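Protein chains in written order, with our numbering: chain W, 6 to 292; chain F, 2 to 358. Following: one structure in structure tokens, then a few remarks.
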Amino acid sequence: MTAAEQPGDVWDRRVASGLAFLRRRLAGDYEVDEFGFDPELTEAIFHPLLRRLYRDWFRTEVSGLENVPTDGAGLVVGNHSGTVALDALILSTALHHEHPAHRFLRLLGADLVFRMPVVSEVARKTGGTVACNPDAERLLRGGELVGVFPEGFKGIGKLYAERYKLQRFGRGGFVSAALRTGTPIIPVAIVGGEEIYPMLADIKPLARLLKLPYFPVTPTFPWLGPLGMVPLPSKWLIEFCPAIPTAHLTDSADDPLVVFNLADQVRETIQQTLHQLLERRPDPFGP
Amino acid sequence: MTPGGSASPPGVVVVTGVSRYLGAHVAARLATDPRIDRVIGVDVPEPTPEVGGLLDRVERVRVDAGAVGGLLADLDVDTVVHLALVSAPDQQHGGRAAMKEQNVIGTMQLLAACQRAPRLRKLVVRSSTAAYGASFRDPAVFTEETEPREVPRGGFGRDILDIEGYVRGFRRRRPDVTATVLRFAPFIGSTADTTLTRYFSLPVVPTIFGRDARLQFLHFDDALEVLHRSVIEDHPGTYNVAGPGVLALSQAIRRAGRIAVPVLEPGLSGAVALARAMGYGRYGLDQVDLFVHGRVVDISRLEREYAFTPRSTAAAFDDFIRAHHGRAVVTREQLAAAEQLVLDGIRQVRAAIGERS
Numbered sequence: 006m007t008a009a010e011q012p013g014d015v016w017d018r019r020v021a022s023g024l025a026f027l028r029r030r031l032a033g034d035y036e037v038d039e040f041g042f043d044p045e046l047t048e049a050i051f052h053p054l055l056r057r058l059y060r061d062w063f064r065t066e067v068s069g070l071e072n073v074p075t076d077g078a079g080l081v082v083g084n085h086s087g088t089v090a091l092d093a094l095i096l097s098t099a100l101h102h103e104h105p106a107h108r109f110l111r112l113l114g115a116d117l118v119f120r121m122p123v124v125s126e127v128a129r130k131t132g133g134t135v136a137c138n139p140d141a142e143r144l145l146r147g148g149e150l151v152g153v154f155p156e157g158f159k160g161i162g163k164l165y166a167e168r169y170k171l172q173r174f175g176r177g178g179f180v181s182a183a184l185r186t187g188t189p190i191i192p193v194a195i196v197g198g199e200e201i202y203p204m205l206a207d208i209k210p211l212a213r214l215l216k217l218p219y220f221p222v223t224p225t226f227p228w229l230g231p232l233g234m235v236p237l238p239s240k241w242l243i244e245f246c247p248a249i250p251t252a253h254l255t256d257s258a259d260d261p262l263v264v265f266n267l268a269d270q271v272r273e274t275i276q277q278t279l280h281q282l283l284e285r286r287p288d289p290f291g292p
Numbered sequence: 002m003t004p005g006g007s008a009s010p011p012g013v014v015v016v017t018g019v020s021r022y023l024g025a026h027v028a029a030r031l032a033t034d035p036r037i038d039r040v041i042g043v044d045v046p047e048p049t050p051e052v053g054g055l056l057d058r059v060e061r062v063r064v065d066a067g068a069v070g071g072l073l074a075d076l077d078v079d080t081v082v083h084l085a086l087v088s089a090p091d092q093q094h095g096g097r098a099a100m101k102e103q104n105v106i107g108t109m110q111l112l113a114a115c116q117r118a119p120r121l122r123k124l125v126v127r128s129s130t131a132a133y134g135a136s137f138r139d140p141a142v143f144t145e146e147t148e149p150r151e152v153p154r155g156g157f158g159r160d161i162l163d164i165e166g167y168v169r170g171f172r173r174r175r176p177d178v179t180a181t182v183l184r185f186a187p188f189i190g191s192t193a194d195t196t197l198t199r200y201f202s203l204p205v206v207p208t209i210f211g212r213d214a215r216l217q218f219l220h221f222d223d224a225l226e227v228l229h230r231s232v233i234e235d236h237p238g239t240y241n242v243a244g245p246g247v248l249a250l251s252q253a254i255r256r257a258g259r260i261a262v263p264v265l266e267p268g269l270s271g272a273v274a275l276a277r278a279m280g281y282g283r284y285g286l287d288q289v290d291l292f293v294h295g296r297v298v299d300i301s302r303l304e305r306e307y308a309f310t311p312r313s314t315a316a317a318f319d320d321f322i323r324a325h326h327g328r329a330v331v332t333r334e335q336l337a338a339a340e341q342l343v344l345d346g347i348r349q350v351r352a353a354i355g356e357r358s
């Protein structure tokens, strides 16, 4: 008896496809790309888990999805926040869940992410790779949607008092990657990430001891132990801004003036959009 | 340069390392090519019985690399294929010290002899993708231009860096010689016997907790093809040679029907050191680094210049599994049978509940 003989039985099909998934996983019958991305596992395990957080916990609202290309490369540049980089995961959930083409976002992470066991494995399997120009350009040439947070640890590790103030954008390596490959840059503003773990203080000596970029003190961490790891249920708004084309600037990838101006334009766009979104959300923990 | 390179078949070819698996196969293959006048195999030890039969048509000379100089001049050798590398220390043959002696000093002496050989036109050197080292800041995919960010901890990786350094020096001093460096991914295939094939033949395979390395393999027959073409055609430069595509370590272990046992990385490094000190185990820090960082290379230069694409990593690994299938712990058929059994069981239970209500 096969599932096709009982078209009405939803549960039978669910059980059968679940078992088939398990068998494929145990037999190693799946594809992994050269960066270690495992689309089957990401779609079946990670995205459903993140969707709970995205929809039920953070009540995320997304706008401007029409600015994200349906196919072909794009460089999504966002503001970074929240002590723990949950914003990157929520952003990739938004794109996969809400975008008509259900696009996977290929995140570029700090090398610290790839130093840590388990975390590095999950990062690679869900499509992430080390933030460096060779990888970014290779992904963009392959027509992928790449996500980058140029503020890095300066963004996620800032104190709550500085929330929604964009930090410095580094050397603009992301701009030269986009220019070299002629990829449009899509600035994205994310509101809600700053309130999930409001960082009140940073214990620098402890951070140095543990070789971390910062050691956060929040209203709940480290006081409540593991319970302090639960993110506060802030209201999230994500807006994708109009894409900035770069195809006409391919020759200027090494021109520092062009790179800095473009990085500044992206930064200003995100900052202004953040202010607009914050006006739309007077209560950080509203409905 | 035209794809496939210009053909300039050599007259007299010297192959080093013919007493070992790769060298013997390459020498035997070149000896059957009518375009080549003479193939001379050079090595110190007697060939192992399993490869001895291959060398019937190969002239053998038992000298070590340091004494090759006279040979090159006397026999008007125009091509040298250097394959005499040891990838893992063998405790019965001097361990790591002998390995380094053979890899580094052997290459240095051979290249010195090559430099003085007036008729030499071509040099083909076996290297490894270990040349890229291992670092957490590494890009996911290495092109031939990628510089290693950190010197590898493993002996083989360090030897490879030294060997490539000597070849760079040789290129500067003899620009008239076509020098080809082939950075091979780990070999695999139905008959190849390497550290990695033995690893995947263990019933219970130790892996590193929280890491799932991306691996690439090269089918042994494709390695022979690329080496053969390097001798017959002209391909100056350095080339990555690997099967396209990637297998995750966990995925490879599952495909081989083995069971992975994750071990904490500091513990594993210690266990490796202990096993080495006690005189057994060919697994070293080279393997630990590979399994922590993974290693994937770009082969577009090879495809362009040689007009040849090796079979994919997955296909090469499948060939290895088919040859070693008998010893699998969990087979695909068992998994499929278990799936059907559970599915039927659930259906029966649900049908029974449905009838009762």
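Glycine residues also receive a C-beta, built at the ideal position from the N, C-alpha and C atoms. Since the model is a prediction, treat every value here as computed from it, not as a measurement.
CA-to-CA distance, residue j to residue i, given in whole angstroms
i                            : j                            : result
alanine 258 of chain W       : glycine 178 of chain W       : 10 Å
aspartate 140 of chain W     : arginine 36 of chain F       : 43 Å
valine 52 of chain F         : alanine 28 of chain F        : 11 Å
serine 22 of chain W         : arginine 29 of chain W       : 10 Å
arginine 19 of chain W       : valine 343 of chain F        : 13 Å
arginine 168 of chain W      : glutamate 273 of chain W     : 16 Å
aspartate 269 of chain W     : histidine 104 of chain W     : 27 Å
leucine 96 of chain W        : isoleucine 243 of chain W    : 8 Å
aspartate 79 of chain F      : alanine 89 of chain F        : 30 Å
glycine 280 of chain F       : aspartate 194 of chain F     : Note that glycine 280 of chain F scores a pLDDT of 49, beneath 50, so its modelled location is shaky and nothing firm can be said.
phenylalanine 107 of chain F : serine 251 of chain F        : Inspection of the sequence shows that residue 107 of chain F is occupied by glycine rather than by phenylalanine. Cα to Cα, the separation comes out at about 37 Å.
phenylalanine 220 of chain W : serine 301 of chain F        : 44 Å
glycine 355 of chain F       : aspartate 14 of chain W      : 12 Å
alanine 114 of chain F       : proline 176 of chain F       : 15 Å
aspartate 260 of chain W     : leucine 267 of chain W       : 11 Å
alanine 252 of chain W       : alanine 183 of chain W       : 9 Å
arginine 296 of chain F      : valine 37 of chain W         : 14 Å
alanine 128 of chain W       : phenylalanine 119 of chain W : 8 Å
leucine 76 of chain F        : proline 119 of chain F       : 11 Å
leucine 215 of chain W       : tyrosine 167 of chain F      : 41 Å
asparagine 84 of chain W     : proline 155 of chain W       : 8 Å
Contacts of residue i in chain F (Cβ-Cβ under 7 Å)
i                           : result
aspartate 116 of chain W    : Phe137, Arg138
phenylalanine 40 of chain W : Ala141
leucine 119 of chain W      : The displayed chain sequence assigns phenylalanine, not leucine, to residue 119 of chain W. Within 7 Å Cβ-Cβ: Phe137.
8 Å Cβ cut-off: residues of chain F touching residue i
i                        : result
aspartate 140 of chain W : Pro140, Ala141, Val142
serine 239 of chain W    : Residues of chain F passing the Cβ test: none, with the nearest at roughly 30 Å.
leucine 24 of chain W    : Glu340, Val343, Leu344
arginine 176 of chain W  : Going along chain F, no residue has its Cβ under 8 Å from arginine 176 of chain W, so there is no contact; the nearest lies around 15 Å.
serine 97 of chain W     : The contacting residues do not exist; serine 97 of chain W stays about 18 Å from chain F at best.
glutamate 126 of chain W : Gly211, Arg212, Asp213
arginine 28 of chain W   : Leu336, Ala337, Ala339, Glu340
Beta-carbon neighbours of residue i, restricted to chain F and to distances below 9 Å
i                      : result
tyrosine 17 of chain W : Here residue 17 of chain W turns out to be aspartate, not tyrosine, going by the sequence shown. Result: Leu344, Ile347, Arg348, Arg351.
valine 20 of chain W   : Val343, Leu344, Ile347, Arg348, Arg351
Close Cβ partners of residue i (< 6 Å) along its chain, the five nearest in sequence each way excluded
i                         : result
alanine 257 of chain F    : Phe201, Ile322
methionine 6 of chain W   : Confidence at methionine 6 of chain W is low in this model, with a pLDDT of 44, below 50, so the placement of that residue is unreliable and no value is reported for it.
isoleucine 260 of chain F : Val205, Val330
glutamate 304 of chain F  : Thr310
glutamate 60 of chain F   : Ile41
alanine 32 of chain F     : Val40, Arg58, Val59
proline 50 of chain F     : none
leucine 100 of chain W    : Arg108, Leu110
threonine 131 of chain W  : Thr47, Phe51
Cβ shell of residue i (< 7 Å), same chain only, five flanking positions each side left out
i                       : result
arginine 312 of chain F : His220, Asp223, Gly244
Listed by chain order, chain W residues near residue i by CB distance under 8 Å
i                        : result
glutamate 266 of chain F : Pro122
valine 182 of chain F    : Going along chain W, no residue has its Cβ under 8 Å from valine 182 of chain F, so there is no contact; the nearest lies around 21 Å.
Chain W contact residues for residue i, given Cβ-Cβ distances below 7 Å
i                       : result
arginine 333 of chain F : Ala32
Contact list for the stretch 118-148 of chain F against chain W, Cβ threshold 8 Å: Phe137, Arg138, Asp139, Pro140, Ala141, Val142, Thr144, Thr147
Contacting positions in the stretch 336-350 of chain F - beta carbon closer than 9 Å to chain W: Leu336, Ala337, Ala339, Glu340, Gln341, Val343, Leu344, Asp345, Ile347, Arg348
Those runs of the beta strand (DSSP E) which lie wholly inside the stretch 182-222 of chain W and span at least 3 residues: 190-196
Near-chain F residues of the stretch 201-217 of chain W - C-beta to any C-beta below 7 Å: none
Contact set between the stretch 198-219 of chain F and chain W, restricted to residues whose Cβ is under 8 Å from the partner: Ile209, Phe210, Gly211, Arg212, Asp213, Arg215
Runs of alpha helix (DSSP H) wholly within the stretch 91-145 of chain W (minimum 4 residues, chain order): 91-103, 116-120, 124-130
Interface residues of the stretch 132-166 of chain W facing chain F [CB-CB below 7 Å]: Thr134, Val135, Cys137, Pro139, Asp140, Arg143
The stretch 244-255 of chain F: positions lying closer than 8 Å to chain W by Cβ: Gly246, Val247, Leu248, Ala249, Ser251, Gln252, Ala253, Ile254, Arg255
Contained alpha helix (DSSP H) runs [length at least 4] in the stretch 225-260 of chain F, N- to C-terminal order: 250-256
Near-chain F residues of the stretch 176-191 of chain W (beta-carbon distance less than 7 Å), N- to C-terminal order: none
Residues within the stretch 296-325 of chain F neighbouring chain C, beta-carbon criterion of under 7 Å: In summary, chain C is missing from the structure at hand, where the protein chains are W and F.
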